[in-house]
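Numbering (this note's numbering), first residue to last: 220 to 265.
No residue lacks a Cβ here, since even glycine has one placed at the ideal position from N, Cα and C.
Computed from a predicted model, the values in this text were never measured in an experiment.
First comes the structure, then the notes that go with it.
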């Protein structure tokens, strides 16, 4: 999944078949890189 920021930057969230992304890493990506709340992120992916 690639998230495009309004200023043109992009953040890639890795997805590998048969592997899960740890909740700690996912939360860091959501909060620090995307700058959004986890609930908001989940609204985009569900």
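Straight-line Cα distance separating residue j from residue i
i	j	result
residue 240	residue 260	15 Å
residue 224	residue 236	26 Å
residue 249	residue 257	6 Å
Run of the alpha helix (DSSP H) containing residue i, from where it starts to where it stops
i	result
residue 228	That residue, residue 228, is in no alpha helix (DSSP H); it is neither H nor E in DSSP.
residue 247	242 to 247
residue 220	Looking at the DSSP string, residue 220 is not in any alpha helix (DSSP H), and its letter there is neither H nor E.
residue 262	257 to 264
Buried versus exposed, by CB contacts within 10 Å (16 or more), residue i
i	result
residue 255	exposed
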